Ligand SMILES: Cc1ncc(C[n+]2csc(CCOP(=O)(O)OP(=O)(O)O)c2C)c(N)n1
Ligand SMILES: Cc1ncc(C[n+]2csc(CCOP(=O)(O)OP(=O)(O)O)c2C)c(N)n1
Ligand SMILES: [Mg+2]
Ligand SMILES: [Mg+2]
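Protein chains in written order, with our numbering: chain A, 1 to 345; chain B, 1 to 345; chain C, 1 to 373; chain D, 1 to 373.
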């Protein structure tokens, strides 16, 4: 059980650390390994103190090779352990892509369930912290598009704790994406009492009648801030936090959009063929006759992640969301942006 | 110039081989390398005879390592060459994912255009040939979601020739996806006369007034066959072949859907967060007020690619497309499939 | 460390300069038996012979099944039987084996039902046997990736306090992949009980060894990780068994991983679909034919009086029975159930998969209806 | 090949048993100068000294700039100057250098404007200098990936008939990545003129060498690829320059790649943001302080009468001027143009990027309007 008692201010980083501790304590099969997760406690200190408190046998540093880390975890999971591995940053998980796509995602299916991989791949991801190139990629779509993986990204400390506990307990491999910029955000929560929804369910973070904003991970606080601002102008946005991208909670999303009749999707990642595209596609498939306007997407641009001084221009912020709200045709006027080809280019 | 004169039957494999030959002949900087592309001519014989006719210096076998092949190509492109590398099968490009996502896609941007990477990564992809696991992945979404790459997939021999020539001549890196199952399809074409559209433009392969079917690569012939079948029942489908996924030809797609008022997207890949999601999302964004029904997707299931005896059940065929056509609400009845939750599950 | 002990460390990690060999190509024992290795018992060699006869027959039968359209494709290991059988006989049943697509004969030797071994190539499912029960991982296609899994499994055994060993099989070409490197390094640092067994059959599909590596031998890769290494004549069952038995014992005793390179030759094309004449000449193949591992062991045992005509005939007979049984069972048509596609993706299908499952069920029902008409 | 020539081949590929060293820690020449290497000229050593003084000053200034918030982060190479300067001085201007994030001092030594070197860490753009003009690739972050690029560039030079060489810099940790392995193998098979220079500074962030490798030394990795290898005292500029000059000449002459491991030490934390006390103790750092490469070279040159107080003062003065100039220019505020985000993704922006560009332009115009209000 969690160490904290009663509602206290915890950061997402602390919540994750506590989740790892509780999992290590409750289940001998759980192991934590990766680059610098031992004495250093990880570059983000998520594994702080684990080696000290649980010993080298339970939390240890590996050589510097991501395919190696994931491939080792596959073998250890086949051998009965429940590895929780850390990729140091989003773009540094790419060397492990073959192991993830060709094995982690497929071993259960390949063997008709005779070999399973209860393992978690933790990846600090996305931007907003002024990191240099390769340290800020939003890589969720690569994993979400790969059948056999579950893909999770928390937006609150409480969810970080429970989703990580659920992920570790899951019989299947989970890619656990931690929004770096939220590591140090604090909230009041009592980690000993489960307030979080079950794995696979989306959370309605704010209710609103006028339009549904679907977001996940790092975009949830931005969506909530936009909702706040819109409310000041009399538009009530409902904010849905997906929590798990795979499995996807169609029920919650669809119910909300059918009620509001309008939908916006927010993601930090470059838009093209991202998770936001999937959400927009499925919402219009399922709610077409409830929609008063197209489902709009608010996303990063289709560019490599920018240098620190320019990330503010790239990342979807409150203003970009409000611009999109303006195009949700509350005045019943169709959006003509895309008709005015010349003007746009 | 191409070797064939006048319209003759050529296979896509021959067209690709001819394109490589013509490029090697016309530009000394072009090099072909990869696994088994030399004396063997590649496992699909796309590079057949190139080492014999152009010498080891122009077409050669490398050691067996895909990150190595792509990384070597990056260095050689920086050094003034125009490498055309082959990944033997779709899933065997994954070891090169870091090189592709972190360097191939980004080097021009990183250096403000001072270093550029005019290189082509050829990947035989997708299924339909009874291949075992790892030999049939549809991996286009991984690349299409990565800014800085161009992503191409031909559906005809003529396009295979010209798109490959264009890709090799392109100043930027191109991921060139070759639908394996079409390698041996024959068509009448004169490769010496450019009939193909420019790079970046989609082709309307069949005109029709009732609905637009957007497809690419391996799905184009399936879409055309479905259109044929639908026509027999009085429904005229317009079939758009994207040819290049990135850049995306919004103009052609949008114009078609605005005319027909209905749209279906077909892809072989697992549907979730695939390219089809992007197409559906952007079509409804741009054509919402022209649409009489939601944009529907016809795709592979969200499962690992099946064993040979089951691939027919997975791949979108004519029947699955016609089922979707039936749900395009020509009778003005909204699709209630997703409302009947219990019945579905 | 003193220069002298450094020198000893280095020497202890390097392989012998020439491949370890017990028996010459004509079956006679080599003049000077290799130091440091125990010759396997006659009993063990007789059993190995029997397994090689069976393995060879299985292999030719599988190739024949491709011609009859019963298998989509088959990668033969003809010529590599000393490696295939030696590897399995060096292991205990509770050790783990991590094979590639080419190691079907090893799997049959391990006792897996030949039909289950061929499920993958027959196209029924990705893996036909139970890896947990047999302690044989699925035959791996993405090259060198399984070497890491073997390392992880070995490490898992070590951590559980069990003395099981894992053996990873690879080809020469696969040693070029990054995963091979990472696996050797991880294993060495963790001192995981894993044996890396490289069957250097001189080709990676069409690419000859000289284009794969410039090393004096692949076994020289070991020292760069601090991994003990050896090279062996891969067509000499006696040597392969001796060296692998030693390697497994080393790993089992907790002394860390071992790398063994076997010099052998792929007698057939890469698979039945490959055309080897495009990249190698008949003389080369012929030359290697004289190094055949099976006839070598047979000659050796006969010379030692350890194998009679009756023994050989019995083995052949057993092999024919195996082939006949395989033919019969492979000639039976199988059907695969499309609905199974959704069963093993996750422990519990996602809501999305349930919808797709229902969609496929409807499609199939419709097709069935149409066909009834 | 005969056993004797095999043995010679093997010996020719292995590094010397102990690191090559010319000058002891106190600046005195070692008793027995290492065989096979030419000692650099006094002229070259004086120049190297000057560059080390400049490099050290640049490095401490950059660290100071992080405290003033002028740099987001800086990975110091303090203690590694013999490697940083030795590497660059071993190259010709038309050779290519492939550095990492830690090799800023090498770049400054190569003649790149220090401000342009720091563009990345200042957050203005990903690479501030012109790699084509300077023949220095962008400082690489994804570990070991650039080793392949260096190999490709070397191969490109070879194929163009030019005699340029490429040098790839990496750390000890990066040698564990698959790309390192693939690069050495490709280079060896192609005989590409590339020098792999590993600065083994004993840590990969917090992970000590013993958890990175079990090899007797990283230089032992070379033989597994057939790559000539050497290890050198990385804090002895004389040795580093001698060994790298030899390696570059070997590569340039068409004899293939060379792997050189330098034993050195990272005196500072991984970056200013790192807390090294979590994983190493002060004594260790102190011990390495006595091996300082700069004071060692200074003592050596002074003992040889090749460096006067005036020389040292002149170097220090030049260094202070460099630092002052750097401070001034780095203290000037820069702004980056958001519209540039769309300029370099492709040679020609896609229609999609043109739309997004217009969207951003509109957003910025709106913001500007709001701010005017
Ligand atoms: C990562 C990866 N790349 C490419 C392939 C395609 N491929 C299958 S077998 C093979 C050659 C392997 O050669 P080797 O390792 O020597 O084994 P052998 O087939 O000779 O037993 C290749 C290139 C693959 N399976 N996996
Ligand atoms: C592929 C990849 N994985 C992880 C990282 C994160 N990272 C940056 S530096 C570093 C340590 C590198 O150690 P080493 O190679 O010894 O070089 P040093 O920093 O000591 O110079 C790590 C793990 C990275 N940059 N790239
Ligand atoms: Mg081979
Ligand atoms: Mg280091």
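Ideal Cβ placement from N, Cα and C applies to all residues, glycine included. Remember, it's a predicted structure, so these values are computed and weren't measured experimentally.
Same chain, Cβ closer than 6 Å to residue i, five either side skipped, listed in chain order
i, result
"residue 20/D", "34, 232, 239, 243"
"residue 283/B", "257, 263, 295"
"residue 15/A", "157, 160, 161"
"residue 353/B", "As displayed, chain B neither begins before 1 nor continues past 345, which places residue 353/B out of reach and without an answer."
"residue 78/D", "59, 267, 268"
Nearest to residue i (by Cα), restricted to the options the options
i, options, result
"residue 257/B", "231/B, 39/B, 290/B", "290/B"
"residue 343/C", "356/C, 334/C, 331/C, 113/C", "356/C"
"residue 126/A", "39/A, 299/A, 329/A, 232/A", "299/A"
"residue 153/A", "37/A, 145/A, 140/A, 117/A", "140/A"
"residue 175/A", "108/A, 123/A, 221/A, 204/A", "123/A"
"residue 65/D", "323/D, 341/D, 143/D", "323/D"
"residue 33/B", "144/B, 236/B, 105/B, 84/B", "84/B"
"residue 179/C", "67/A, 186/A, 80/A, 285/A", "67/A"
Any C-beta of chain C under 7 Å from that of residue i
i, result
"residue 182/D", "yes"
Close beta carbons around residue i, own chain, < 8 Å, minus the five adjacent residues each side
i, result
"residue 165/B", "19, 22, 23"
"residue 94/C", "135, 162, 164"
"residue 131/B", "89, 180, 308"
"residue 311/B", "127, 128, 130, 136, 305"
"residue 141/C", "100, 101"
Short CB-CB distance (under 7 Å) between residue i and chain B
i, result
"residue 336/C", "yes"
"residue 49/D", "no"
"residue 323/A", "no"
"residue 186/D", "yes"
"residue 151/D", "yes"
Minimum Cβ-Cβ distance from residue i to chain A less than 7 Å
i, result
"residue 177/D", "yes"
"residue 210/C", "no"
"residue 330/B", "no"
"residue 219/B", "no"
"residue 106/B", "yes"
Any chain D beta carbon closer than 7 Å to residue i
i, result
"residue 345/B", "Because the pLDDT at residue 345/B is just 32, under 50, the model does not fix this residue reliably, and the point stays unresolved."
"residue 299/C", "no"
"residue 71/B", "yes"
"residue 56/A", "no"
Beta-carbon proximity list for residue i, same chain, < 7 Å, skipping 5 on both sides
i, result
"residue 71/B", "99"
"residue 224/A", "205, 206, 239"
"residue 202/A", "240, 241, 242, 243, 249, 252, 253"
"residue 427/D", "This structure cannot speak to residue 427/D, because chain D is shown only from 1 to 373."
With a floor of 4 residues, list each alpha helix (DSSP H) that falls wholly inside the region 194–274 of chain A, ordered by position along the chain.
-> 219–232, 250–260
What are the uninterrupted segments assigned as alpha helix (DSSP H) that are 4 or more residues long and contained completely in the region 2–64 of chain A, given in chain order?
-> 12–26, 50–54
State whether the region 307–320 of chain D contacts the region 43–57 of chain D, with contact taken as three or more CB pairs (one from each stretch) at a distance under 8 Å.
-> yes
Evaluate contact between the region 81–89 of chain A and the region 116–125 of chain C, counting only Cβ atoms and requiring at least three cross-stretch pairs below 8 Å.
-> no
Uninterrupted alpha helix (DSSP H) stretches inside the region 152–215 of chain D (no shorter than 4 residues) | Listed in chain order, the alpha helix (DSSP H) runs fully inside the region 152–215 of chain D are 178–190, 209–212, counting runs of at least 4 residues.
Check whether the region 246–258 of chain C touches the region 179–194 of chain C, taking contact to mean three or more Cβ pairs, one atom from each stretch, closer than 8 Å.
-> yes
Could you tell me which uninterrupted beta strand (DSSP E) segments, each at least 3 residues in length, are contained entirely in the region 101–179 of chain A, listed from first to last along the chain?
-> 120–125, 150–152, 174–179
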